[in-house]
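Remarks on the structure that follows.
Protein chains: 2
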Amino acid sequence: MLINVLMLCSDHQNAKLGVAQQDLIDRYGLGWVVTQYSIKIKRLPRVDDTIKVTTRGTSYNRFFAYREFWMHDEQGNELVKVDSIWVLMDEKARKIREIPESIIEPYQSEKVRRVPRLPRPDRIAEDAESISKKYQVRASDIDFNGHVNNAHYLEWMTDALSLKFLISHTPVQIDIRFENEVKYGSWVMSTVLVDSEDNDKIKTVHEIISNDTLSCSATFLWQKNDVKGNEDK
Amino acid sequence: MLINVLMLCSDHQNAKLGVAQQDLIDRYGLGWVVTQYSIKIKRLPRVDDTIKVTTRGTSYNRFFAYREFWMHDEQGNELVKVDSIWVLMDEKARKIREIPESIIEPYQSEKVRRVPRLPRPDRIAEDAESISKKYQVRASDIDFNGHVNNAHYLEWMTDALSLKFLISHTPVQIDIRFENEVKYGSWVMSTVLVDSEDNDKIKTVHEIISNDTLSCSATFLWQKNDVKGNEDK
């Protein structure tokens, strides 16, 4: 839901600036695709909270655009900060294209030599003691533009963990990198390695593999919930 | 999403009347469980529409409560009407209990001999030419109270249809009946039979089966979208 709300915010900005996703597809055959998120969570919103979501197209170079997101509560406390890297994909050729000035100009982003380098997720060693679960891409996983909604990769990743773990832990940091798209009807294998506790943060390393190809990898840091549960924090 | 929004509306009513779901569980060990929905869809909301959702606990007898939902657009046109039948379940024993006056009284429902009988979904004949897909219950399918969120049965049902069918059709009526709960981690088989066209409505019959037990059945009526797609209707 966090990812969906952030995406809604950037969709609104795109439309307001006259460069809505659907317009880019219709006019140029191009679509924005995220390659990496780095998500830092101080606190997740509680039921009935009102939150404010902010986004900025901060900087870009020939091929990459750096977009930031913030989520604040009503008192102005930062709840979540997200850094993300985007590319423009030719929808037909499925190839990355240079970012045209006409598309990036409305964001008043800074043109830079290098966009920030986000943390690269760990990989799972071949002989590691991991757990796997398999999933088939559903119709409801597919976005208006025919691609798997990114939020579903996170669902496949977290669901490979036990229900007991998910109830008793809250993510505080997620670094995720998208490598290869999976298609409707494909089966994916979600594998997770739970790292030994370190400073009372638990690290989990995730891989989504489809057709022997790495589709997506991520590193999560988790905090153990208070005994009364996360809602009471 | 439709089901989730309706449930949010009844949750808000329950809380406002001092009989929130969590209070019933804490005080009586009881929880409301839906056994049937009959959903009539005139038009689904479009992106950026503002809609109004209304609910009423209309009538009840010893064991069953009849609840209605309406969805209207800003001009007051009815978009969706839902009839539903509910029972009170003992959360530990997993058995249906009589509805105590103290729980139903705040709704000012009419006490009746018989609550309305909703249409019973068709069943799929053994030798019918059906299509099946299997799903494993995920952590994210589970509600705060430990049960599978009802909306996910609808997702398993519709996903057994082809993406092509789902893109080119819109449901106009859904009659769904919940029989037996499925548990976290269980595999379910979603089977669908597509009935021959009749008066340009298409009927699909659905069954969700887990451990050789019928968990849920439904009949959907679908309308073919205009060539330009449902969004333009």
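Respectively, the protein sequence lines represent chains A and B. Counting from 1, position 19 in the first sequence corresponds to residue 19 in UniProt numbering; the numbering is continuous, with no gaps. Counting from 1, position 26 in the second sequence corresponds to residue 26 in UniProt numbering; the numbering is continuous, with no gaps. All C-beta atoms in this analysis are idealised placements derived from N, C-alpha and C, irrespective of residue type, glycine included.
Below-7 Å beta-carbon distance, A:L163 vs any chain B residue: yes
Cβ-based burial, B:I39 [other Cβ within 10 Å; buried from 16]: buried
Segments of 4+ residues assigned as alpha helix (DSSP H) that fall wholly inside the UniProt domain "Acyl-ACP thioesterase-like C-terminal" (126–224) of chain B: Whole alpha helix (DSSP H) segments, 4+ residues: 151–159, 163–168.
Neighbourhood of A:E207 by C-beta distance below 6 Å, restricted to the same chain and skipping five residues each side: I124, T191, S217
Inter-residue Cα distance where the pair is B:D159 and A:R138: 6 Å
Bridge partners - A:K16, DSSP secondary structure assignment: According to the DSSP secondary-structure assignment, A:K16 is paired through a beta bridge with no residue.
One or two residues paired with A:Y60 in a DSSP bridge: A:A65, A:K111
Below-7 Å beta-carbon distance, B:D159 vs any chain A residue: yes
The segment 170–186 of chain A: positions lying closer than 9 Å to chain B by Cβ: Y184, G185
Chain-order list of residues whose beta-carbon lies under 7 Å from that of A:N230 (same chain, five-residue window excluded): With a pLDDT of only 44 at A:N230, under 50, the local geometry of the prediction cannot be trusted, and no value is derived from it.
B:L193 at chain A interface by Cβ criterion, 7 Å: For B:L193, no CB of chain A lies under 7 Å from its own CB, so it is not counted at the interface with that chain.
Helix, strand or coil at B:I104 according to DSSP, with G and I counted as helix: helix
Chain B contact residues for A:L166, given Cβ-Cβ distances below 8 Å: A139
Exposure label - A:P121; buried when at least 16 CB within 10 Å: buried
Own chain, CB closer than 7 Å to B:N14, minus 5 neighbours either side, in chain order: A20, Q21
Run of the alpha helix (DSSP H) containing B:Q21, from where it starts to where it stops: Where B:Q21 is concerned, the enclosing alpha helix (DSSP H) stretches over 21–28.
Proximity of A:T50 and A:E74 at Cβ, strictly below 7 Å: yes
Contacting positions in the segment 80–110 of chain B - beta carbon closer than 8 Å to chain A: none
Pairwise C-alpha distance: B:L221 and B:C9: 25 Å
Residue(s) in a DSSP beta bridge with A:G31: A:M89
Within 7 Å, strictly: CB atoms of B:L193 and B:V205: yes
Closer than 7 Å to chain A by CB, B:K155: Note that residue 155 of chain B is Glu in the sequence shown, not Lys. Yes, B:E155 lies at the interface with chain A (some Cβ there is under 7 Å from its Cβ).
Cutoff 7 Å; reference B:D87; Cβ partners in own chain excluding five residues on either side: In the sequence as displayed, the identity of residue 87 of chain B is Val instead of Asp. Correct list, in chain order: V33, T35, F63, F64, I96.
CA-to-CA distance, A:I176 to A:W70, given in whole angstroms: 17 Å
Range of the contiguous beta strand (DSSP E) that encloses A:R97: 95–97
Contact set between A:I3 and chain B, taken where Cβ atoms lie within less than 8 Å: Chain-order list of chain B residues neighbouring A:I3: empty, with the shortest C-beta distance near 13 Å, by a criterion of under 8 Å.
Local Cβ density within 10 Å of B:M1, reported as buried at 16 or more and exposed below that: When all chains shown are included, B:M1 counts as exposed.
Residues near A:Q223 in its chain [Cβ-Cβ closer than 7 Å; skip 5 each side]: H169, T170, V172, K201
Buried/exposed call for B:I209, threshold 16 Cβ in 10 Å: buried
B:E155 versus A:Y184 - alpha carbon distance: 15 Å
Under 8 Å from the C-beta of A:I142: neighbouring residues of chain B: L163
Through-space distance from B:T55 to B:V112, alpha-carbon basis: Taking the straight line joining both Cα atoms gives about 19 Å.
Helix, strand or coil at A:I39 according to DSSP, with G and I counted as helix: The answer is strand: DSSP assigns A:I39 an E or B state.
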